[in-house]
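Below you'll find the structure, written out as structure tokens, and then a few comments.
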């Protein structure tokens, strides 16, 4: 018998489920871990959380950002009072296959659209098994960050295309996402060179070199948008990432937080290694039923494969247009100390996105956002109808890690407050 | 040994990329389809970033195939006739 994950002491007072979605004919197996709401699971909404990468495990979100516990250096759980399951049931899904505890015996996907079909089928079967999370009309949201700015619009579109689905999709939340590269790649130089609210971290000649290469980079992304061919999208990715991201990376600074240096490990946060070490312990793997004996927070083969499939630069923001035109509420939020998916670029793409109320949205004034938990001005918000952009002060790429109280305020206000902040 | 071509690429980079992508490359057709900006970028990429050209690959193989240990004692196994080939195992 697989042990009850509650024995791990991670939010032991809430019901939790772990398991796998199996795609039998393709030999694909997706791992998930669900924590019921600490408040009222029979009535509270459900959130599906997705980390990005591409190729990074959503258990990073669980243990590093918004889940009920973090992991200390002694590999023991530390409770998180600002977990997003305070007022919602939260599902963490490792996808695509070969990420985290998910695996495939054969091969995996290397593009966002293929990943979306698997996620839809996961949700159908999950709510088949647990109808109590939807049969009283509870809301269901998808939230994620980073490369999930690609995933979420496509996954939501896939869900809405199934009219006979057994669950409702109520809204989506995209944090520090990469969604419209053609717009967002304009803002790496300003963010690194002192126009994003922090002092420049690059010498002026590096800033000039980034400016000089931008026109060509944008031309290549445009070609990718036009053709969506691997032949156009791959060189756009290689050229633009080397021209616009590499100068910053070479400084040794943390790409996820412009205030910090990159310390140890691939992802610049040494505590991520504690999470890997924790999840690689036999008793933990037994308790969650993991069928993969070796856990890694990010699979860089997947990252490379998405990049070389041309997925990185594709115009998935067009799916956001479709979702907004179908009246799906969307929150785009961005911690304002992040470099790699920075707030300048995220604000810019929401301002130019075509949708049925685009002119009205663009003309809205930015106003202060006061977080309900701390009662402090914690950001700046711009909103019209069901589309909202939020700049989160003092947050890096992973907002719930940097400003946990304000991140919980944001999500609670959004999902319980009629999609306004 | 050329520092610009440390891996000794001996084919045109587009042909090499097609091989890595697992695609048949009709070069004549491709040259008409791609604009000069894209073709120039490919040509530069071959020289500027040869390691990345060498690592072009889009299929994902299991990283640790020997480390997969299927478990049987699940509390629920859920199937739905409307979703063939899929099942959910829950603890």
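Residue numbers (the numbering used here), protein chains in the order written: chain H, 1 to 421; chain S, 1 to 91. We put the beta carbon where it would ideally sit given N, CA and C, even for glycine. Computed from a predicted structure; not experimentally measured.
Looking at C-alpha atoms only, which residue of H:295, H:284, H:372 and H:259 is the closest neighbour of residue 273 of chain H?
Its Cα nearest to that of residue 273 of chain H, the residue H:295 stands out among H:295, H:284, H:372 and H:259.
Proximal residues of chain H, C-beta to C-beta of residue 69 of chain S below 7 Å
Residues of chain H whose Cβ lies closer than 7 Å to the Cβ of residue 69 of chain S are, in chain order, 291 and 293.
In its own chain, which residues sit with a C-beta less than 7 Å from the C-beta of residue 3 of chain H, not counting the 5 before and 5 after it?
286 and 287
Whose C-beta lies closer than 7 Å to the C-beta of residue 25 of chain S among residues of the same chain, with five residues either side of it excluded?
14, 15 and 18
Under the three-state DSSP convention, the category residue 335 of chain H falls into:
In the structure shown, residue 335 of chain H sits in a strand (DSSP, three-state: E or B).
Keeping to the same chain, check which residues put their C-beta closer than 6 Å to that of residue 275 of chain H; ignore five residues upstream and five downstream.
63 and 71
Would residue 16 of chain S count as contacting chain H if we go by Cβ distances under 8 Å?
no
Can we say the segment 295-310 of chain H touches the segment 85-105 of chain H, given the rule of at least three CB pairs closer than 8 Å?
yes
Buried/exposed call for residue 367 of chain H, threshold 16 Cβ in 10 Å
Residue 367 of chain H counts as exposed, since fewer than 16 other beta carbons sit within 10 angstroms of its beta carbon.
Bounding residues of the beta strand (DSSP E) (the contiguous stretch that carries residue 91 of chain H)
89-93
Strictly below 9 Å CB to CB, what residues from chain S border residue 221 of chain H?
Correct list: empty, because the minimum Cβ distance to chain S is about 11 Å.
Can you list, in chain order, the residues of the segment 223-253 of chain H whose Cβ is nearer than 8 Å to any Cβ on chain S?
223, 227, 229, 230, 231, 232, 234, 235, 236, 238, 239 and 242
With a threshold of 7 Å on Cβ separation, who are the neighbours of residue 4 of chain S within its own chain once the five nearest residues in sequence on each side are excluded?
Per-residue confidence for residue 4 of chain S stands at a pLDDT of 39, beneath the threshold of 50, marking its modelled position as unreliable; the derived number appears in the next sentence. Excluding residues within five positions, the ones whose Cβ falls inside 7 Å are 47.
Any Cβ of chain S within less than 8 Å of the Cβ of residue 178 of chain H?
Output row for residue 178 of chain H: interface = no.
Tell me the DSSP bridge mates of residue 261 of chain H?
H:253
Expressed to the nearest angstrom, what Euclidean distance is found between the alpha-carbon atoms of residue 79 of chain S and residue 122 of chain H?
11 Å
Candidates H:57, H:344 and H:329: which alpha carbon is nearest residue 418 of chain H's?
H:329
For the putative contact between residue 141 of chain H and residue 415 of chain H, defined by C-beta atoms under 8 Å, what is the C-beta separation to the nearest angstrom?
Residue 141 of chain H to residue 415 of chain H, Cβ: 6 Å. Contact.
Assigned exposure category for residue 206 of chain H - 16 Cβ within 10 Å defines buried
buried
Beta-carbon spacing of residue 32 of chain H, residue 21 of chain H below 8 Å
yes
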